[in-house]
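In this note's numbering, the protein residues as written are 1168 to 1555.
A virtual CB, placed ideally from N, CA and C, is assigned to each residue, including glycine.
Written out below as structure tokens is the structure these notes cover.
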């Protein structure tokens, strides 16, 4: 199998940029000043869907059905398996664990070699191959000693616990790494292409550099080649001008949405267009000017610091880290149909990942053992939710 090597970009600066603390990607403001009012939506920022599309109700609901598992350490990525069980990655331990969705029993698949946890880096997003039923491959995005990269590993559940992961096969390398802003979310789209959200690693200039892999959404084949139809010739870059992309999800019309951390003012939910520029560092939030895409919705950073997102029941659901809440953004096409609505505020601490569980159900992963926020040291868990 031929695999084109992607040249490594310049190592990202590890020094924090102006207005960016060691907790900045989670929305911490070193000045402690108020950085925004209530969340707002931008109805004119993106092209609308068909006039016949129906918006969900302006107000929704969330019901916690049960706690699926507890005792997790720095959980980050989540990948539901066929049949209902869940795979969860540990950022700091560099392990992947299988969770029995009925009993909560944990079985460690193994440790991913080559992971170098530090700051916000480590073992981050995971995803199943689009042909998982036949190839049993797990993809993982992680921080190594030199870069962020994507690997795939064979999962053999017949082997003993701790020995079920095959040797990593690197399919993509050279994404800038830093103490902060390593991106890390990966997902296979409806087109069976692999999408990856990256960060600018604290070097804001990378976001506007089309030749850099930092501050981008990347789109590639499962083998790591630039995907057919990408907007820039022979490049995996799909969109640019991002600060630190943390969530990727598609609606029922196969439209891509992404969440990302702001710096001092606005966190964002964006509708992603191929080749579009989302403004960072020249723009943060809506009103960035000609040539930049406005977000679908935005939040002050103390209310969100968004991580994973999922689509269900006509809305995007967004996990908040510093905000310690789950946001619902009802959609009509690629516009917000009503103001965002928050749930579970402060009840479970920091929220890292949310994933579809089928129909009106979601999986929700907390993030209280990642060394951030007031909930430092608390237990992490996976919840099952019913949403409307």
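Residue 1394 and residue 1437 have their C-alpha atoms roughly 21 Å apart.
The three-state secondary structure of residue 1515, taken from DSSP, is coil. The alpha-carbon of residue 1220 is positioned some 19 Å away from that of residue 1477. Beyond the five residues adjoining it in sequence on each side, residue 1537 comes within less than 6 Å, by CB distance, of 1241 in the same chain, given in chain order. DSSP lists no beta-bridge partner residue for residue 1225. As computed with DSSP, residue 1393 is found in a beta bridge with 1387. Between the C-alpha atoms of residue 1416 and residue 1353 there is a straight-line separation of about 10 Å. Just measuring C-alpha positions, the residue of 1468, 1449 and 1505 sitting nearest residue 1373 is 1449. Measuring C-alpha to C-alpha distances from residue 1267 to each of 1252, 1330, 1275 and 1499 identifies 1252 as the nearest. Within 10 angstroms of the beta-carbon of residue 1377 lie fewer than 16 other beta-carbons, which makes it exposed. The criterion of a C-beta distance shorter than 8 Å is not satisfied by residue 1510 and residue 1498. For the pair of segments examined, the segment 1274-1292 was found to touch the segment 1253-1262: the number of CB pairs separated by less than 8 Å reaches three. With a beta-carbon spacing of about 10 Å, residue 1439 and residue 1463 fall beyond the 8 Å limit used to define contacts.
Counting of Cβ neighbours within 10 angstroms places residue 1304 among the buried residues, the total reaching 16 or more.
Here residue 1350 is not near residue 1255, since their CB atoms are 8 Å or more apart. In this structure, the alpha-carbon of residue 1519 lies about 17 Å from that of residue 1229.
Looking only at 1226, 1452, 1232 and 1218, the smallest Cα-Cα distance to residue 1550 is reached by 1232.
Rounded to whole angstroms, the Cβ separation of residue 1487 and residue 1473 is 6 Å, and the two are in contact under 8 Å. In the displayed model, residue 1281 falls within coil according to three-state DSSP, outside both helix and strand.
Straight-line measurement puts the Cα of residue 1320 at about 14 Å from the Cα of residue 1326. Sequence-distant partners of residue 1548 (beyond 5 residues in either direction) whose C-beta falls short of 7 Å from its own C-beta, in its chain, are 1234, 1236, 1237, 1239 and 1533. With a beta-carbon spacing of about 14 Å, residue 1246 and residue 1317 fall beyond the 8 Å limit used to define contacts. Runs of the alpha helix (DSSP H) lying entirely within the segment 1374-1451, each at least 4 residues long, are absent. Distance from the CA atom of residue 1314 to the CA atom of residue 1307, rounded to whole angstroms, is 14 Å.
Under a 10 Å Cβ-count criterion, residue 1406 is classified as buried, with 16 or more other Cβ atoms of the shown protein chains found around its own Cβ.
Residue 1332 and residue 1299 have their C-alpha atoms roughly 14 Å apart.
Nearest to residue 1444 by C-alpha distance, out of 1420, 1398, 1471 and 1481, is 1398. Secondary structure remark: continuous beta strand (DSSP E) runs of at least 3 residues inside the segment 1478-1509, in chain order: 1482-1487 and 1493-1499. Spanning the alpha carbons of residue 1361 and residue 1392 requires a straight line of approximately 10 Å. Secondary structure of residue 1337 (DSSP, three-state): strand.
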